[in-house]
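Chemist: Residue numbers (my numbering), protein chains in the order written: chain A, 3 to 424; chain B, 54 to 146.
(1) Can residue 312 of chain A and residue 347 of chain A be called in contact, C-beta distance under 8 Å?
(2) Closest to residue 149 of chain B by CA distance: which of B/132, B/136, B/81, B/78 is it?
(3) Should residue 197 of chain A be labelled buried (16 or more other beta-carbon atoms within 10 Å of its own) or exposed?
(4) Select from A/191, A/156, A/67, A/310 the residue whose C-alpha is nearest the C-alpha of residue 210 of chain A.
(5) When the Cα of residue 205 of chain A is compared with those of A/415, A/336, A/24, A/59, which residue comes out closest?
(6) With respect to the alpha helix (DSSP H) encompassing residue 408 of chain A, which residues constitute its N-terminal and C-terminal limits?
(7) Please classify residue 398 of chain A as buried or exposed, where buried requires at least 16 neighbouring CB atoms within 10 angstroms.
(8) Note down, in chain order, each residue of its chain lying with its Cβ closer than 6 Å to the Cβ of residue 126 of chain A, except the 5 sequence neighbours on either side.
(9) Give me the Cα-Cα distance between residue 179 of chain A and residue 84 of chain A, rounded to the nearest whole angstrom.
(10) Go to residue 200 of chain A, then tell me how far its alpha helix (DSSP H) extends in each direction, as first and last residue.
(11) For the putative contact between residue 169 of chain A and residue 332 of chain A, defined by C-beta atoms under 8 Å, what is the C-beta separation to the nearest angstrom?
(12) For residue 352 of chain A, return the contacting residues in chain B, with the cut-off set at a CB-CB distance below 7 Å.
(13) Considering only their Cβ atoms, is the gap separating residue 317 of chain A from residue 55 of chain B smaller than 8 Å?
(14) Could you check where the beta strand (DSSP E) with residue 75 of chain B kicks off and where it finishes?
(15) When DSSP labels each residue in this structure, what does residue 121 of chain B get in the three-state scheme?
(16) Which parts of the region 279-354 of chain A are runs of the beta strand (DSSP E), unbroken and 3 residues or longer, counting only runs that do not cross its ends?
(17) If contacts are defined as beta-carbon pairs under 8 Å, then residue 345 of chain A and residue 302 of chain A qualify, I think. What distance do you get, rounded to the angstrom?
(18) Between the alpha carbons of residue 412 of chain A and residue 276 of chain A, how many angstroms are there, rounded?
(19) Taking DSSP as the reference, what is the three-state secondary structure of residue 80 of chain A?
(20) Where does residue 128 of chain A sit, in a helix, a strand or coil, going by DSSP?
(21) When you compare the CB positions of residue 216 of chain A and residue 229 of chain A, do they come within less than 8 Å of one another, or not?
(22) Residues in the same chain with beta-carbon distance under 6 Å from residue 58 of chain B, minus the five sequence neighbours each way, listed in chain order, please.
(23) In chain order, what are the residue ranges of uninterrupted alpha helix (DSSP H) at least 4 long that sit wholly in the region 46-127 of chain A?
(24) Could you run through the region 261-273 of chain A and flag, in chain order, every residue whose CB is less than 7 Å away from some CB of chain B?
(25) Is DSSP giving residue 144 of chain A helix, strand or coil here?
(26) Return yes when the C-beta of residue 346 of chain A is under 7 Å from any heavy atom of the ligand SAM, and no when it is not.
Structure below.
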């Protein structure tokens, strides 16, 4: 039986004490409770964003009677399938503000959660391969600097210092003319983010209920009253849906439509090698991006498949195109074996920006549309969605990202900064 | 990898095609009478079906023509391929 004081603090002393006991007495990091008949708020979706929402509801808004319902296991969807890149260099002021809010939270997250999320600000580089792209990236640098986001231009000479394995041959098909660098960008450990938020939320009284699929919403007179699940009906006056690729499926259950298309986004990792890649390099032009995990695997991200899908697998031509780009950018990788390849289902908005919003159903809120770049936003998304759920109105940072923008026309177009490079 | 049936060119590899998203979205006949809500619904809102999806494809690197496909978004199985303007085909259960 697990110990009930699940929030025993992790520290060097706890590690030493448990080492002496051969690590047989670590408490469970979170409980596995049966659902109660009702909660003050229910979060549908136990990925990073959903767990973060529950954590901030309990921590900052005093709402401890909260459940997170997850149809599989926590962090098993896109949280466990992304390429772990964290950055905030988006073009528009609204986007720069929301992603930089997340980046500020990343910086203190391991201390906040007492769980090492391995946030590593090793820098994120976006390459320019032609003069037009160089101009676009300069524009983004200036926009970032005006918005208070760190951004600078790096020349090929600087790039050879920052990332020695980069192919800087001026005669290659798409020569590298320079790039942008966000030094505070980097990577974090994806699973640890889900586990850290789950453990901290559980410690504050949040029930995390896995293998609990939502099959419908209970509504009366345009108000939410609860959810129907594979583990029975659960009541709640407020329900927040954070279901990424499956957001449209849940919206349909509530009689709503969303401006989303679900697509596979593929990634792959190589066999582990010694450290060769000290930073994160992304290229929108030739469609590939790469970083190295602490285990030594090269983590490579591809673009989305062009058709909609819920299958969590994509087509090989997309992988082939990405590998072609990566081998040209990093010739050292040409003989590496790839170990695993997978896809996550991402919910893409027409303006490549997220939706954190109330809906026509009172008490029902959606946090979706993060598309190809949700991981980096995890802490900020959860923080702002918790505010929206607790107060019943948007925080100033997520007000521009309401569903209403698709009727008013005030879109936040981020195709350039979001592209697929995450 | 998908094998798509262009109604004019026959079975061809997915790489020759561009997917145009959800099909059967009818352009409003009297656009000047639409309010913002109706426009938003028409332009942006999608069914994003988990199951059989009726969608448009274009044989971009072939004949260049648009056509409709009924495809499962869960298994990727292609159930039917038909010309623009044709009625939806009867699909096996």
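Every residue gets a Cβ at the ideal spot worked out from N, C-alpha and C, and that includes glycine.
Modeler: Quick answer:
(1) For residue 312 of chain A and residue 347 of chain A, yes; Cβs fall inside 8 Å.
(2) Residue 149 of chain B lies beyond the residue range present for chain B, which begins at 54 and ends at 146; the question has no answer from this structure.
(3) With 16 or more other Cβ atoms within 10 Å, it is buried.
(4) Of the candidates A/191, A/156, A/67, A/310, the one whose C-alpha sits nearest the C-alpha of residue 210 of chain A is A/67.
(5) The shortest Cα separation from residue 205 of chain A among A/415, A/336, A/24, A/59 belongs to A/59.
(6) For residue 408 of chain A, the uninterrupted alpha helix (DSSP H) run begins and ends at 407-410, by DSSP.
(7) Its Cβ having fewer than 16 others within 10 Å, residue 398 of chain A is exposed.
(8) Shown here for residue 126 of chain A: same chain residues with a beta carbon closer than 6 Å to its own, the five before and five after excluded, namely 89, 184, 187, 282 in chain order.
(9) C-alpha separation (whole angstroms): 28 Å.
(10) Segment 192-205, the alpha helix (DSSP H) holding residue 200 of chain A.
(11) The distance from the Cβ of residue 169 of chain A to that of residue 332 of chain A is about 7 Å, consistent with a contact at the 8 Å cut-off.
(12) Close to residue 352 of chain A, with beta-carbon spacing below 7 Å, are these residues of chain B in chain order: 97.
(13) The answer is yes: Cβ separation under 8 Å.
(14) 71-75 is the span of the beta strand (DSSP E), which, as asked, contains residue 75 of chain B.
(15) Residue 121 of chain B carries a strand assignment under DSSP once its states are collapsed to helix, strand and coil.
(16) Correct list: 282-285, 290-294, 300-306, 340-350.
(17) Separation of the CB atoms of residue 345 of chain A and residue 302 of chain A is rounded to 13 Å, and the pair is thereby denied contact status at 8 Å.
(18) Take the alpha-carbon of residue 412 of chain A and the one of residue 276 of chain A: they are about 48 Å apart.
(19) Here residue 80 of chain A carries a helix assignment [DSSP, helix/strand/coil].
(20) Three-state DSSP puts residue 128 of chain A in a strand.
(21) Against a cut-off of 8 Å, the Cβ pair of residue 229 of chain A and residue 216 of chain A comes out as a contact.
(22) Excluding positions up to five away in sequence, the list reads 64, 134.
(23) Segments of the alpha helix (DSSP H) lying fully in the region 46-127 of chain A: 50-63, 95-109, 111-115.
(24) Answer in chain order: 261, 262, 263, 264.
(25) Judged by DSSP in its simplified three-state form, residue 144 of chain A adopts helix.
(26) What this structure holds is no ligand at all, so the ligand SAM is not there to describe.
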